[in-house]
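Participant: Next up is a structure, given as structure tokens.
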Amino acid sequence: MTRVLVVRLAQALAVIGIVVTLCFALIRLAPGDPFFAALDQPGVPPETAAAMREAFGYDRPLHEQYLRFVSNLARGDLGFSHSRSRPVSEVIAALLPNSLLLSGTGLLLGTVFGVSIGAWQGWRAESRWARASDRALLALSSIPEFVLALLLAMLFALELRWLPVSGMHDEGINGIVDVLRHLVLPASTLAIMVGAILARHQRAAMRELRDAEFIRAARASGIPERRVLFRHALRNASAPVLTVLGVMLGAVAGGTVLIERVFDWPGMGRAVVEAVGQRDYPLVVGAVIVTSIAVTLATVLADLAVAWANPRLRNRL
Amino acid sequence: MRALRLPLGILAGFALAALLAPLLAPYDPIAHLDPLGSALQAPSAAHWMGTDPYSRDVLSRLLFGARASLGIATLAVAVALSLGTLVGAVAAVRGGFIDALLMRCTDAMLAIPRLLLLLLVVAASGPLPPAALAAVLGATGWMSAARLVRQETRRLLATEHVKAAIALGVPRRTLWRGHILPGLLPTLGVAATVAFAAALPLEAALSFLGLGVAPPHASWGNIILEAEGRLLRAWWLVLFPTLAIVGATLTANLLAERVSMRREDAA
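Written out as structure tokens, the structure is:
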């Protein structure tokens, strides 16, 4: 187990190194530097522009800029957000918890939803309902998350008026219940997206297991059906499902960006979309790097969970 | 082949509607027809799918939007498949260090959420013309194709007929053209449908964020953007593009499922 952990962490570190390099390359290969929209204007004297560039190090040779970029990152310095006039790390520290609340709740609900529906579908594969609901899930997983978010907002917030349509708090109110009420629609959107995809993999895994030797042996030895399902089948099906969950994390992060945009949820995703419009590179780069690190580490966790759930796979990682 | 007929037929219908858009569209998709009289009108005999805030005809925009959305997604798939095949095949043939390096890069690309990577590119480059948008979508979507191609190429290189061809000293070009690429085709078919089902909603999302197809040109995503702030009052601006996006994506997903089922049956 320790060996698996060390190998996976080393791989994760290599991946993060490539991500950082790619981000740096993309920004520096772009025409102009982050200042060109603001400074290369007829009204700005060239000396001022040059002084600003010098202050932020944009006049240095490329390899020097790269080393500076990496060493700043290592110290947690993500640069300065031009549009918010604050250090990027401060902006992200303020918004990341909101994004994690949304994506964490969505992932949790989606996993419960997907695993239970998929398990039922796989276990009762011959039932007409199981097959019909599988088709329904395929349709559901074909709805882009921003469209799903809009549809849920239209129905439950605007038409039925059961839930608030945007933001995280009502003005003047600052209670947990209020936040939860605002969380329902965005988190459900994410949960449906995660659950629909997960259920289809859970179903496939369960169908394969249902007729496996060890399941039939367990049944034959008189173990109650319920126990066979929960102790034997579900645990063995969890390895492939956890793998899928790990692979899906990037899509979840992207989905969160769109959902935050639709529901005006004050998280990192909404801030990134705004930053792109204002060409505030450091904030976009910071968000991409932080999200990628989070996704990479979460994938390592998912791999470890797979190894825990299925000891036979431990040596193959 | 019969199982593929329905999804292929529907996709062909979508493609036909896009190609024939100039003939089918009742109005000019970007003309402000009557800004004072007929903005934001509900579906009627004159405008089957209503009009948008600038009094543009939604049906015409949807048809021309199909050109942008389907065209960009298709081009993105072509780019993704070419890149993925190149990376996967080189990794499989070279093996060793090159293989490890290429696969680590593939992992790294997969670790960056694709939408965020696209946002980063748009932040760096500014608004992109449709062809560039397709290229960028393809350049961020080749990874699963690369993995599939690598795996399949390794399998093919170990088969008797390829080994025999190598032993007979068949020139490398002939080996690839005659023996390996044809063997890769079913895999590429699966990869193409999967890539299409991913690229289409991504383009729609980018256009919905105002960072994809630039107005006044229509794409399925930016028609929906016009409904912002008046979702219920202008429900037709959400409903019809949604049906188009979900219809095309669902068909592609269905096709992917059936193609991979056929491939498994054949194996």
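These protein sequences, in sequence, are chains A and B. According to this note's numbering, the first sequence is numbered sequentially starting from 6. According to this note's numbering, the second sequence is numbered sequentially starting from 1131. Every residue gets a Cβ at the ideal spot worked out from N, C-alpha and C, and that includes glycine.
Please look up how many angstroms separate the CB atoms of A/Trp134 and A/Met211, rounded, as I've assumed it's under 8 Å.
Facilitator: Residue numbering aside, residue 134 of chain A sits at position 129 when the first sequence is read from its first letter. Residue numbering aside, residue 211 of chain A sits at position 206 when the first sequence is read from its first letter. With 8 Å as the limit, A/Trp134 and A/Met211 do not qualify as a contact, their Cβ atoms being about 15 Å apart.
Participant: Roughly how many angstroms separate the alpha carbons of A/Glu95 and B/Gly1340, rounded to a whole number?
Facilitator: For this step, residue 95 of chain A is matched to residue 90 along the first sequence. For this step, residue 1340 of chain B is matched to residue 210 along the second sequence. If I take the Cα positions, the gap works out to 27 Å.
Participant: Is there a C-beta anywhere in chain B that falls below 8 Å from the one on A/Tyr71?
Facilitator: Working through the first sequence from its first residue, we reach residue 71 of chain A at position 66. No, its Cβ sits nowhere closer than 8 Å to a Cβ of chain B.
Participant: Quick one: Cα of A/His87 to Cα of A/Asp285, how far?
Facilitator: Here residue 87 of chain A is taken as the residue at index 82 of the first sequence, counted from 1. Here residue 285 of chain A is taken as the residue at index 280 of the first sequence, counted from 1. Straight-line Cα distance between these residues: approximately 6 Å.
Participant: Alpha carbon to alpha carbon, how far is B/His1177 from B/Trp1365?
Facilitator: For the purposes of this step, residue 1177 of chain B is taken as residue 47 along the second sequence, with counting starting at 1. For the purposes of this step, residue 1365 of chain B is taken as residue 235 along the second sequence, with counting starting at 1. So the two alpha carbons sit approximately 14 Å from each other.
Participant: List the residues of chain C whose Cβ lies closer than 7 Å to the Cβ of B/Ile1375, in chain order.
Facilitator: Included in the structure are the protein chains A and B, with no chain C among them.
Participant: Return the chain-ordered list of same chain residues with a C-beta closer than 6 Å to the C-beta of A/Ala201, the five sequence neighbours on each side being excluded.
Facilitator: Taking the first sequence and counting its residues from 1, one reaches residue 201 of chain A at position 196. Cβ neighbours of A/Ala201 beyond the five flanking positions: Leu142, Leu145 and Ser146.
Participant: Please tell me whether B/Leu1163 and B/Asp1182 are closer than 8 Å, where the distance is taken between their beta carbons.
Facilitator: As a first step, residue 1163 of chain B is located in the second sequence; it is residue number 33 there, counting from the start. As a first step, residue 1182 of chain B is located in the second sequence; it is residue number 52 there, counting from the start. Not in contact: B/Leu1163 and B/Asp1182 (Cβ atoms no closer than 8 Å).
Participant: Please list, in chain order, the chain A residues whose beta carbon lies closer than 8 Å to that of B/Val1292.
Facilitator: Your numbering for residue 1292 of chain B matches position 162 in the second sequence. Result: empty, since nearest Cβ-Cβ is about 26 Å, beyond 8 Å.
Participant: Keeping to the same chain, check which residues put their C-beta closer than 8 Å to that of A/Val295; ignore five residues upstream and five downstream.
Facilitator: In the first sequence, counting from the first residue as 1, residue 295 of chain A sits at position 290. So the list reads Leu83, Ile97, Leu101 and Met273, once near-sequence residues are dropped.
Participant: List, from N- to C-terminal side, the alpha helix (DSSP H) runs of 4 residues or more that fit wholly inside the stretch 145-208 of chain A.
Facilitator: 150-157
Participant: Taking the alpha carbon of A/Met173 as the reference point, which residue from A/Leu106, A/Gly123 and A/Val233 has its own alpha carbon closest?
Facilitator: What you label residue 173 of chain A is simply residue 168 of the first sequence in a count that begins at 1. For the residues A/Leu106, A/Gly123 and A/Val233, the minimum Cα distance to A/Met173 belongs to A/Leu106.
Participant: Considering only the beta carbon of each residue, do B/Ala1155 and B/Leu1200 sit closer than 8 Å?
Facilitator: As a position in the second sequence, residue 1155 of chain B is number 25, starting the count at 1. As a position in the second sequence, residue 1200 of chain B is number 70, starting the count at 1. In this structure, B/Leu1200 does not lie closer than 8 Å to B/Ala1155 by Cβ.
Participant: Could you pull the DSSP bridge partners for B/Thr1181 from this structure?
Facilitator: Within the second sequence, the letter at position 51 stands for residue 1181 of chain B. In the DSSP assignment, B/Thr1181 forms a beta bridge with B/Asp1187.
Participant: With respect to the alpha helix (DSSP H) encompassing A/Asp308, which residues constitute its N-terminal and C-terminal limits?
Facilitator: Residue mapping note: residue 308 of chain A aligns to position 303 of the first sequence, counting from 1. Its alpha helix (DSSP H) spans residues Tyr286 to Ala314.
Participant: How about A/Leu157 and A/Leu190: do their beta carbons lie closer than 8 Å?
Facilitator: Taking the first sequence and counting its residues from 1, one reaches residue 157 of chain A at position 152. Taking the first sequence and counting its residues from 1, one reaches residue 190 of chain A at position 185. The answer is yes: Cβ separation under 8 Å.
Participant: Using the three-state DSSP reduction, which class does A/Leu322 fall into: helix, strand or coil?
Facilitator: Numbered from its first residue, the first sequence carries residue 322 of chain A at position 317. Residue placement at A/Leu322 is poorly supported in this model, since its pLDDT is 47, which falls under 50; the coordinates are not used for a value here.
Participant: Buried or exposed: A/Trp167, going by 16 or more other Cβ atoms within 10 Å of its Cβ?
Facilitator: Here residue 167 of chain A refers to the residue found at position 162 when the first sequence is read from its first residue. Exposed is the call here.
Participant: Using only the alpha-carbon positions, how far apart do B/Leu1138 and B/Ala1378 sit?
Facilitator: On the second sequence, residue 1138 of chain B is found 8 positions in, with the first residue counted as 1. On the second sequence, residue 1378 of chain B is found 248 positions in, with the first residue counted as 1. So the alpha carbons of these two residues sit roughly 11 Å apart.
Participant: Secondary structure at A/Pro92, three-state DSSP: helix, strand or coil?
Facilitator: Position 87 of the first sequence, counting from 1, holds the residue named residue 92 of chain A. In this structure, A/Pro92 counts as strand in the three-state DSSP scheme.
Participant: List the residues of chain A whose Cβ lies closer than 9 Å to the Cβ of B/Asp1091, in chain order.
Facilitator: Nothing can be reported for residue 1091 of chain B, as the shown portion of chain B is limited to 1131 through 1397.
Participant: Rounded to the nearest angstrom, what separates B/Leu1149 and B/Arg1197 at their Cα positions?
Facilitator: For this step, residue 1149 of chain B is matched to residue 19 along the second sequence. For this step, residue 1197 of chain B is matched to residue 67 along the second sequence. Roughly 7 Å separates the two Cα atoms.
Participant: If you measure between the beta carbons of A/Val341 and B/Leu1250, is that distance less than 8 Å?
Facilitator: This structure does not reach residue 341 of chain A, given that chain A is present from 6 up to 322, and the question cannot be answered.
Participant: Check the Cβ of A/Glu164 against every Cβ in chain B and list those closer than 8 Å, keeping chain order.
Facilitator: Here residue 164 of chain A corresponds to residue number 159 of the first sequence, with the count starting at 1. Those within 8 Å of A/Glu164 in chain B are Leu1362.
Participant: I need the DSSP call for A/Thr104, collapsed to helix, strand or coil.
Facilitator: Within the first sequence, the letter at position 99 stands for residue 104 of chain A. Reading off the sequence shown, one finds Ser at residue 104 of chain A, where the question assumed Thr. Residue state, collapsed to three classes: helix.
Participant: Check the DSSP bridge columns for A/Ser138 and list the partner residues they point to.
Facilitator: Numbered from its first residue, the first sequence carries residue 138 of chain A at position 133. Note: A/Ser138 sits in no beta bridge, so no partner.
Participant: So, is A/Asn179 buried or exposed, given that buried needs 16 or more other C-beta atoms within 10 angstroms?
Facilitator: Stepping through the first sequence from its first residue, residue 179 of chain A is reached at position 174. So A/Asn179 ends up on the exposed side.
Participant: If you run the structure through DSSP and keep just helix, strand and coil, what is A/Ser86?
Facilitator: Counting from one through the first sequence, the residue named residue 86 of chain A turns up at place 81. Reduced to three states, the DSSP call for A/Ser86 is strand.
Participant: Please compile the residues from chain A whose C-beta is within a distance smaller than 7 Å of the C-beta of B/Ala1254.
Facilitator: Residue numbering aside, residue 1254 of chain B sits at position 124 when the second sequence is read from its first letter. Those within 7 Å of B/Ala1254 in chain A are Leu31, Ile32, Ala35 and Tyr286.
Participant: Residues in the same chain with beta-carbon distance under 8 Å from A/Ala242, minus the five sequence neighbours each way, listed in chain order, please.
Facilitator: If you number the first sequence from 1, residue 242 of chain A lands on position 237. Non-local beta-carbon contacts of A/Ala242 in its own chain, meaning distances under 8 Å to residues more than five positions away in sequence, involve Ala124, Gly127, Gln207, Ala210, Met211 and Leu214 in chain order.
Participant: Would you be able to state if there are at least three C-beta pairs under 8 Å between the stretch 1228-1243 of chain B and the stretch 1260-1280 of chain B?
Facilitator: Judged by Cβ distances under 8 Å, the stretch 1260-1280 of chain B makes contact with the stretch 1228-1243 of chain B, as three or more pairs qualify.
Participant: Using a cut-off of 7 Å between C-beta atoms, extract the partners of B/Arg1388 located in chain A.
Facilitator: Numbered from 1 along the second sequence, position 258 holds the residue referred to as residue 1388 of chain B. Close partners of B/Arg1388 in chain A (Cβ separation under 7 Å) are lacking, with about 11 Å as the shortest Cβ gap.
Participant: Could you check the C-alpha separation between A/Ile148 and A/Val277 for me, to the nearest Å?
Facilitator: Sequence index remark: in the first sequence, residue 148 of chain A carries index 143 (1-based). Sequence index remark: in the first sequence, residue 277 of chain A carries index 272 (1-based). Distance between the alpha carbons of A/Ile148 and A/Val277 is about 23 Å.
Participant: Using a Cβ-Cβ cut-off of less than 9 Å, list which residues of the stretch 184-198 of chain A approach chain B; keep chain order.
Facilitator: none
Participant: Would A/Arg13 pass as an interface residue toward chain B - the criterion being a Cβ-Cβ separation below 8 Å?
Facilitator: Start at 1 with the first residue of the first sequence, and residue 13 of chain A comes out as number 8. Chain B, which has no Cβ nearer than 8 Å to the Cβ of A/Arg13, makes this no.
Participant: Return the residue from the list A/Pro66, A/Ala196, A/Ala238 and A/Arg205 that minimises the CA-CA distance to A/Ala137.
Facilitator: Mapped onto the first sequence, residue 137 of chain A falls at position 132. The candidate whose alpha carbon is nearest that of A/Ala137 is A/Arg205.
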